[in-house]
Amino acid sequence: MSTTSEGRWRGFVREILGRSDYAIISELVEPGATVLDLGCGEGELLEWLAENKGVEGRGIEIDGPRVQRAIARGVSAYQGDIDAGLADYPDHSFDYVILGQTLQETRRPLGVLREMLRVGRHAIVTFPNYGHWSVRLSLLATGRAPRTKCFPYQWYDSPNIHFLTIRDFGGLLGEQGWTVERKIFLAGHRTATLLANLLAEVAVFMVRK
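What follows is the structure, given as structure tokens:
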């Protein structure tokens, strides 16, 4: 990664498609790479990467109507459950496998991560940080399941079933012996370099075996 790219992560972080983590992902993915986007939604990120970085991308999404909208915009996508694994793909099929703010919604997060690192040379994972101060304060002040900007749902209708912090994820990577290639922590549109587990709302990790 170039010094120029590293510099863009200090201070203000721009948005792509309304999300700062997408802007970070756009910097991490090399031009012309092969990319698999897990939980690709309507294919917006893959479309952007294809148009701006010349990537060859595929997407997997569990919601049928979203898959149809992704296909309509020219994205190669199919309906599938990433918790069921990626058996259709042999080892090292892609340069990058992306999981954008979806890890906490999976039933088997460790299994998903292992499959990402089997089929991809690099795994890019972003997730909302449950250790953020607003989450801690909400729980302390109300005694109820926290509701914040990053976690706006009621406990009974939230898609999130695993709540993890930056420290939790870092600990898992260490246990598995995986290598952290990049880690960027976002507080709004700025990077959090100190006390990230307390101040960052979203974490971005690029990992390899």
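As numbered in this note's numbering, residues 143 to 351 make up the sequence shown, in order.
Glycine residues also receive a C-beta, built at the ideal position from the N, C-alpha and C atoms.
As the structure is a computational prediction, the values presented were derived from the model and not from experiment.
Counting only the same chain and skipping the five closest in sequence on each side, list residues whose C-beta sits under 7 Å from that of residue i.
{"i": "Asp233", "result": "Arg260 and Val261"}
{"i": "Ser235", "result": "Val261"}
{"i": "Pro288", "result": "Val277, Ser280 and Leu281"}
{"i": "Ile158", "result": "Tyr164, Ala165, Ser168 and Trp190"}
Taking just the CA atoms, how far does residue j sit from residue i?
{"i": "Leu341", "j": "Gly242", "result": "20 Å"}
{"i": "Ser168", "j": "Gln296", "result": "32 Å"}
{"i": "Gly149", "j": "Lys351", "result": "Reliability fails at Gly149, whose pLDDT of 48 lies under 50, so the model's placement of it is uncertain and the value that follows must be treated cautiously. So the alpha carbons of these two residues sit roughly 26 Å apart."}
{"i": "Ile308", "j": "Phe269", "result": "9 Å"}
{"i": "Asn194", "j": "Gly330", "result": "24 Å"}
Within 10 angstroms of its Cβ, does residue i collect 16 or more other Cβ (buried), or is it exposed?
{"i": "Asp230", "result": "exposed"}
{"i": "Val349", "result": "buried"}
{"i": "Ser144", "result": "The predicted position of Ser144 is uncertain, since its pLDDT is 40 and thus under 50; no value can be drawn from it."}
{"i": "Asn339", "result": "buried"}
{"i": "Glu317", "result": "exposed"}
{"i": "Val155", "result": "buried"}
{"i": "Val322", "result": "exposed"}
Using beta-carbon positions only, say whether residue i and residue j come within less than 8 Å of one another.
{"i": "Phe347", "j": "Val267", "result": "yes"}
{"i": "Thr176", "j": "Glu203", "result": "no"}
{"i": "Val209", "j": "Asn271", "result": "no"}
{"i": "Glu356", "j": "Leu228", "result": "Here the chain comprises residues numbered 143 to 351, so residue 356 is not present and cannot be evaluated."}
Tell me which residues share the same chain as residue i and place their Cβ nearer than 6 Å to its Cβ, disregarding the 5 neighbours each side in the sequence.
{"i": "Ala334", "result": "Phe327, Leu341 and Ala342"}
{"i": "Ser147", "result": "Interpretation of Ser147 is limited by its pLDDT of 43, a score under 50 that renders its predicted location unreliable; the figure taken from the coordinates is listed afterwards. So the qualifying residues of the chain are Glu169."}
Handout entry: Given 8 Å, three or more beta-carbon pairs between the segment 276-290 and the segment 245-261
Key = no
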